[in-house]
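Have a look at the structure below before the remarks.
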Amino acid sequence: MIFLLALAGAGTGLLIGHWSSTEFASSRLRDYSDRLLERATEVAQASVNTIANLSKSPNSVCSDDDLQEMRFRLFQREYLSDIGRMENGFLVCTAAWGRFSQPLKLPPPQRFQPSGVLLWANVQSVTDHRLNVDMAGRGNVIVFTSPRAFRGYQTPAPGFSGLILTHDGKHVFRSFGNTEGLAAEFARSPNWYQKLSSPLMTSNCSDKRDICVIASLSGASILEQPIWILGALSSLGAALFCSAGLAFFGWNTTSSLPQQIRSAIQNGRLSAVYQPLVRISDRSLIGVEALARLKDDNGSPISPDVFIDIAEQIGLITTITRIMARTSMEDLRSKLQGQDEFYLSINVAVADVVDPTFATFLDELTRDLDIPRNRIALELTERSTTDYEQLRGGVEALRERGYGFFVDDFGTGYSNLSHLAKLPISGIKIDRMFTQAIGKEAVSSAIVEKICGIAEALRVNLVVEGIETPDQASHVLKLNPQAIGQGWLFGKPTGVEAIFAYSPPAPAPAFTFP
Ligand code: C2E
Ligand code: MG
Ligand code: MG
């Protein structure tokens, strides 16, 4: 898959490279061709105007006045090198050379325009054989195009070439750069794959005069670029496609998380671990909290904070609670039937508490496994928002049957204390956020003290979550000698065998003077 993505990316990189390089080159070529046509039209216009003016001249041909007039006109025209008079195919006089004692035979015109204009292109000059000239004539007037008329176009920038020709393509006025086969190539209209390698071409025609331009630019195609540019473009494309592909598939996996959770539950990939609940004063194990663990399709664990939240949204939380209740009671059955005051705390959701069949489910389970109901406690996080009246009915029903009920993560939700006081709870669990601030942050430490006071006033049990250090343990102990502790200091969540083999860490030795 990655290989295909890289291949597609490399191809796309090259195509985008080709497209951007030819777009840039095309605009340069259009600019060149427009400028060339503009100049050619100006040169032609200068010739035509000069011929028209002199044709109307009343002076007799090649008289002093006529020569004077021609010199005046020549002086005004930067694109013309000479102006003359012709008679019967002979050049009789010119502004530059004056009257010829012997008229000079002109070569036959190469083209007769419908307007009556005769054209010569690149023919040997009759006045100086070393030169080649372009000429245009009508009636008895003839004009010579200046060699400087196309200054700046004679040697175009590398890769550029241009042709100035008539609309029908039969008469070429001028050519610049390497124009061999250009007109024929232009007429050919290449396929897309030929376009990749053939030079760029463009043409445009004047709407005033019989003049067109064909221009071409070679070297713009991607296939003509240096190998390092091809390598850089294809690598960049491949890298972009691969990262986009990975991001897409990653996103896709995340978006199917609900589906993964559903299939993990159906396929028995939900399991339970247990975290010790310890009486802080003597470190005795008095219970465990069952915590759910779930693996995705690849066997990687999904955080409970994530999958519990999603399970609540997609209506699977009650299934999770029931699986957890059954698994944990079966796992710990013998310990829950023993003489010690050992209890199992199971996390529940609002949906369980308000579900009238949940209490019956627990009754049947405890009866089947022969576990006293008072060894089972339920924990509901304080963050759950719901109607207190509705919740109270559920809590009362569970309490009446003998199950314990704890408010979990106390301090992180919005408990209205007057409502809480009316709920028949058996204990509160201080969230680890406050425990971990003990000794570090005055406000949170003070909250631990206040919550200890609330537990005392409500005459309920107090569990302090997240105890990681002996200092936190002794601080809590000073506030409430009966407090139950849960945290890494006493044990991380573990498999059930470790609970059966549990031996509490020794309390920190009391300080004595030597
Ligand atoms: P919780 O019920 O407050 O569980 C205690 C969480 O704190 C657990 O996280 C536990 O591993 C962690 N913890 C315990 N001692 C320490 C400590 O000393 N330091 C630190 N840093 N963390 C500690 P876990 O297992 O990731 O569970 C997160 C939450 O997911 C639980 O918070 C509970 O709200 C929810 N959850 C877990 N299992 C279930 C379940 O079966 N049903 C329901 N409804 N919720 C569950
Ligand atoms: Mg809990
Ligand atoms: Mg908690």
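Per the working numbering, the sequence shown starts with residue 417, numbered consecutively.
The beta-carbon is built from N, C-alpha and C at its ideal position, and this holds for glycine as well.
Collapsed DSSP secondary structure at residue i in the structure displayed
i      : result
Asp623 : coil
Phe528 : strand
Ile499 : strand
Ser761 : strand
Leu509 : One detail in the question is off: residue 509 reads as Cys in this sequence, not Leu. Three-state result, Cys509: strand.
Glu913 : helix
Leu431 : helix
Val557 : strand
Ser659 : helix
Val459 : helix
Pro642 : coil
Leu423 : helix
Gln610 : Reliability of the predicted coordinates at Gln610 is poor, the pLDDT of 48 falling under 50, and no value is obtained from them.
Asn548 : strand
Gly869 : helix
Asp482 : helix
Ala654 : helix
Lys472 : coil
Val477 : coil
Ser671 : Unreliable positioning characterises Ser671 in this predicted model, as indicated by a pLDDT of 47, which lies under 50. A coordinate reading is not provided.
Phe488 : helix
Leu616 : strand
Ser860 : helix
Ile724 : helix
Leu522 : coil
Ile418 : helix
Gly855 : coil
Arg493 : coil
Residue range of the alpha helix (DSSP H) that includes residue i
i      : result
Val876 : Counting along the chain, Val876 falls outside any alpha helix (DSSP H), and DSSP gives it neither H nor E.
Ala741 : 733-753
Thr797 : First-last for Thr797: 792-797, but that is the beta strand (DSSP E), not the alpha helix (DSSP H).
Phe777 : 772-785
Leu895 : 886-895
Asp768 : 766-769
Beta-carbon spacing of residue i, residue j below 8 angstroms
i      : j      : result
Met740 : Ala775 : no
Val880 : Ala899 : yes
Thr543 : Leu496 : no
Leu652 : Gly429 : yes
Ala853 : Phe821 : no
Asp482 : Leu490 : no
Val864 : Leu807 : no
Val629 : Ala456 : yes
Thr841 : Gly827 : For the record, residue 841 in the displayed sequence is Ile; it is not Thr. No.
Gly425 : Leu752 : no
Ala680 : Leu686 : yes
Gln691 : Leu707 : yes
Gly703 : Ser659 : no
Ser577 : Thr595 : yes
Asp467 : Val559 : Position check: residue 467 holds Ile in this sequence, whereas Asp was assumed. For Ile467 and Val559, yes; Cβs fall inside 8 angstroms.
Leu520 : Arg527 : no
Residue i Cβ short of 7 angstroms to ligand 5 heavy atom set
i      : result
Arg789 : Ligands displayed in this structure: ligand 1, ligand 2 and ligand 3; ligand 5 is not among them.
Residues bridged to residue i [DSSP beta-bridge criterion]
i      : result
Glu705 : Gln691, Ser761
Arg515 : Cys509
Phe906 : DSSP output for Phe906 lists no bridge partner at all.
Phe821 : Leu794
Val539 : Val549
Leu710 : Leu686, Ile718
Arg590 : Ile580
Phe826 : Ile846
Gly901 : Val694, Val880
Leu534 : Phe528, Gly553
Ser700 : Arg695
Continuous beta strand (DSSP E) stretch holding residue i: start and end
i      : result
Arg815 : It is not in any beta strand (DSSP E) - Arg815 instead sits in the alpha helix (DSSP H) that spans 804-817.
Val629 : 628-633
Ile844 : 843-846
Original post:
Counting by C-beta, which residues lie closer than 5 angstroms to a heavy atom of ligand 2, in chain order?
Top reply: Asn763, Glu795, Asp824
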